[in-house]
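K.L.:
Numbering (this note's numbering), first residue to last: -3 to 103. In this text, a Cβ means the ideal position worked out from N, Cα and C, and glycines have one as well. These numbers were taken from a predicted model, which means no experiment stands behind them. What follows is a single structure, and I will ask about it in a moment.
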Amino acid sequence: MTGTFYEPIEQGFIIRIKAYPGAKREGFTGIIETEGQLHFLKVSISTPPEDGKANKALIQFMAKAWKLSPSQFELIKGQTHRLKIVKLEILSTDEVARMTTLFKTFK
């Protein structure tokens, strides 16, 4: 599989997510390629998809897992869809390097 689920931007990353709300276990479960050949990081969240609760839980989960602040994440597309686009704002070059290394570990 070629390509990645993230794109570096000037102050962070754009991350493509495929969310699985209402899951029994929370976690990162791999990478999926769509028909358009875009790659998405698969994330399972236990919170059900009602009234935006799963979106909030998704941001909280990623922030905790990656040791970042939830305020660094912004859901920019996919509020009512499983395919989501999230902006991750990082100003420190050390954090950009850390996240790039971390993202490369996902398969």
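In chain order, what residues of the same chain have a beta carbon less than 8 Å from the beta carbon of Pro66, not counting five sequence neighbours either side?
P.N.:
Here the set comprises Ile55, Gln56, Ala59.
K.L.:
By alpha-carbon positions, which one of Glu22, Arg78, Glu70 ends up nearest to Phe36?
P.N.:
Considering only alpha carbons, the answer is Arg78.
K.L.:
Measure from the alpha carbon of Gly18 to the alpha carbon of each residue in Lys100, Asn51, Leu64, then state which is nearest.
P.N.:
Gly18 has its Cα closest to that of Asn51, out of Lys100, Asn51, Leu64.
K.L.:
For Lys14, does the count of other Cβ atoms within 10 angstroms reach 16, so buried, or fall short, so exposed?
P.N.:
Buried, by the Cβ-count rule.
K.L.:
List in chain order: all unbroken alpha helix (DSSP H) runs of 4+ residues lying wholly within the segment -3 to 51.
P.N.:
Runs found: none.
K.L.:
Express the C-alpha separation of Glu31 and Pro4 in angstroms, rounding to a whole number.
P.N.:
Looking at the two C-alpha atoms, the distance is approximately 22 Å.
K.L.:
I'd like to confirm the pairing. Which residues does DSSP put opposite Lys83 in its beta bridges?
P.N.:
Lys83 pairs with Ile10, Glu70.
K.L.:
Could you pull the start and end residues of the alpha helix (DSSP H) that Leu98 belongs to?
P.N.:
Per DSSP, Leu98 belongs to the alpha helix (DSSP H) from 89 to 99.
K.L.:
Count the other CB atoms within 10 Å of the CB of Thr76; is the residue buried (16 or more) or exposed (fewer)?
P.N.:
Label assigned to Thr76: exposed.
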